[in-house]
Amino acid sequence: EDLAHVAVLGSGAFGRVTLVCHEGKYYALKCLSKAHVVQTGLQEHIKRERTVMAEFDSPFLVNLVAAFQDPSSLYMVMELVQGGEFFTYLQNREAPLSEEEARFYAACVVLGLEYMHDRGVAWRDLKPENLLIDTRGYLKITDFGFAKKIAPSGKTFTLCGTPEYLAPELVTQSGHNKAVDWWAVGVLIYEMVAGYPPFYQEDRVAMFRAICSTDFKMPTHFSKELRDLIKRFLVRATSRRIGCMAGGVAEVKQHPWFKGFDWDALAQRKLKAPYVPKVRGPADASNFDVAQTGQHAKHNSRYISTGVFKDF
Numbered sequence: 001e002d003l004a005h006v007a008v009l010g011s012g013a014f015g016r017v018t019l020v021c022h023e024g025k026y027y028a029l030k031c032l033s034k035a036h037v038v039q040t041g042l043q044e045h046i047k048r049e050r051t052v053m054a055e056f057d058s059p060f061l062v063n064l065v066a067a068f069q070d071p072s073s074l075y076m077v078m079e080l081v082q083g084g085e086f087f088t089y090l091q092n093r094e095a096p097l098s099e100e101e102a103r104f105y106a107a108c109v110v111l112g113l114e115y116m117h118d119r120g121v122a123w124r125d126l127k128p129e130n131l132l133i134d135t136r137g138y139l140k141i142t143d144f145g146f147a148k149k150i151a152p153s154g155k156t157f158t159l160c161g162t163p164e165y166l167a168p169e170l171v172t173q174s175g176h177n178k179a180v181d182w183w184a185v186g187v188l189i190y191e192m193v194a195g196y197p198p199f200y201q202e203d204r205v206a207m208f209r210a211i212c213s214t215d216f217k218m219p220t221h222f223s224k225e226l227r228d229l230i231k232r233f234l235v236r237a238t239s240r241r242i243g244c245m246a247g248g249v250a251e252v253k254q255h256p257w258f259k260g261f262d263w264d265a266l267a268q269r270k271l272k273a274p275y276v277p278k279v280r281g282p283a284d285a286s287n288f289d290v291a292q293t294g295q296h297a298k299h300n301s302r303y304i305s306t307g308v309f310k311d312f
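Just so we're aligned, residue 1 is where the sequence shown starts under UniProt numbering, counting upward by one.
In structure tokens:
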């Protein structure tokens, strides 16, 4: 009740994300229906997201401010990122990104993944919809529902992620680790510059077959350096996938496609972004498809015992 509802930023099966105000400061409030979470058996999934986010503090990730619950809902108060979804930005463009533009955005993702991987966390859900643009045009990683701590030599077997971005080891359910994130970076860079993902087919079985055989075509306008980088990301054997070998993330940063890129300046947020969203003040939600209101957030759901979500 202390949070004044300003606008809806997004909604889905589990609940919605709203723009809220508390003591003059604006945040994004993620509200999840306990009933829906329980019905779908995702209690541990949601608690893991909250636990993982509580450990993060990076300019390249959407950070958690607070988490609480009432009898019907779970709430996560997160920093507000006002530039909208990167997916929307790509969709609204008349042409794919240039390699120079894509390099900036890819680098933001690389630094976000480096931060997570250094803490033993695999993200497992990279896609343009899960990247937000901040007021300065930098990307921030959001939605950590599939994020999971995995031991350095360990593997996990849960199938998760978005079909077009799944690594072969996810498709075959043969066990995976943070290497799936580097595969997805290759898919993202390809999609940014081509305008479509490398393995997409309407027939999902055919798409999975193409992923497992790394069967894709490189557009003719891709530079030699970009072709090489994507080939190094989209390698079936994780032991040969760039980012996963002994050199780690340094190999990605030192690849010729990133030649001359100032990683330190990016980390210090001193680089000029290719696109800076128009934001008219701290309460502006115009970069999201929203309906402005002036009400407090209210959610109806049947009562679920707080004990089910102990320590949320």
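Backbone N, C-alpha and C fix where the C-beta goes; we use that ideal spot for every residue, glycine too. Note that the structure is a prediction, hence the values are computed from the model and not measured.
N- and C-terminal bounds of the alpha helix (DSSP H) containing residue 45
43-54
DSSP beta-bridge partners of residue 10
17
Proximity below 8 Å, CB of residue 12 to CB of residue 288:
no
Apart from the five residues on each side of it in sequence, which residues of its chain come closer than 6 Å, Cβ to Cβ, to residue 225?
256, 257
Buried or exposed: which applies to residue 186, given that a residue is buried once 16 or more other Cβ atoms fall within 10 Å of its Cβ?
buried
Euclidean distance between Cα positions of residue 66 and residue 136:
24 Å
Cβ of residue 260 within 8 Å of Cβ of residue 252?
no
When you compare only the Cα positions, how much space is there between residue 121 and residue 178?
7 Å
Go to residue 39, then tell me how far its alpha helix (DSSP H) extends in each direction, as first and last residue.
Where residue 39 is concerned, the enclosing alpha helix (DSSP H) stretches over 34-39.
Reduced DSSP secondary structure (H/G/I, E/B, other) of residue 122:
If DSSP states are grouped into helix, strand and coil, residue 122 belongs with the strands.
Inter-residue Cα distance where the pair is residue 206 and residue 45:
30 Å
If you draw a straight line from the alpha carbon of residue 219 to that of residue 188, how long is it in whole angstroms?
14 Å
Along the chain, where does the beta strand (DSSP E) containing residue 79 start, and where does it finish?
73-79
Let's see if you can read the secondary structure: which residues bound the beta strand (DSSP E) around residue 140?
In this chain, the beta strand (DSSP E) harbouring residue 140 covers 139-141.
Look up residue 85 in the DSSP assignment and give the residues it is bridged to.
Per the DSSP secondary-structure output, residue 85 pairs in a beta bridge with 132.
Measure how close the beta-carbons of residue 164 and residue 200 come, nearest whole angstrom, since I'm counting them as under 8 Å.
5 Å
Report buried or exposed for residue 41, applying the criterion of at least 16 other Cβ atoms within 10 angstroms of its Cβ.
exposed
Beta-carbon proximity list for residue 268, same chain, < 8 Å, skipping 5 on both sides
none
Pair within 8 Å by beta-carbon distance, residue 82 and residue 277:
yes
Going by the CB atoms, is the gap between residue 134 and residue 127 shorter than 8 Å?
no
Bridge partners of residue 69, per DSSP?
Bridge pairing for residue 69: 74 [DSSP].
Classify residue 28 as helix, strand or coil using the three-state DSSP reduction.
Strand at residue 28.
What would DSSP say about residue 293, mapped onto helix, strand or coil?
Confidence at residue 293 is low in this model, with a pLDDT of 37, below 50, so the placement of that residue should be treated as unreliable; the coordinate-derived value is given next. Residue 293: coil per DSSP, three-state reduction.
Please say whether residue 266 and residue 102 have beta carbons closer to each other than 8 Å?
no
Which value, in whole angstroms, describes the spacing of the CA atoms of residue 166 and residue 23?
42 Å
If distances are taken between C-alpha atoms only, which option among 143, 7, 173, 246 comes closest to residue 50?
Residue 50 has its Cα closest to that of 143, out of 143, 7, 173, 246.
What are the start and end residues of the alpha helix (DSSP H) that includes residue 210?
204-212
Using DSSP bridges, identify the partner residues of residue 22.
Listed as beta-bridge partners of residue 22 by DSSP are 25.
Within its chain, find whatever has a CB closer than 6 Å to the CB of residue 238; leave out the 5 residues flanking it on each side and keep chain order.
For residue 238, the CB contacts under 6 Å within the same chain, skipping 5 residues up- and downstream, are 179, 244 in chain order.
Kindly indicate if chain E contains any beta-carbon less than 8 Å away from that of residue 31.
Although the question refers to chain E, the structure presented lacks it and comprises just one protein chain.
Find the nearest neighbour of residue 123 within the set 61, 156, 148, judged by alpha-carbon distance.
148
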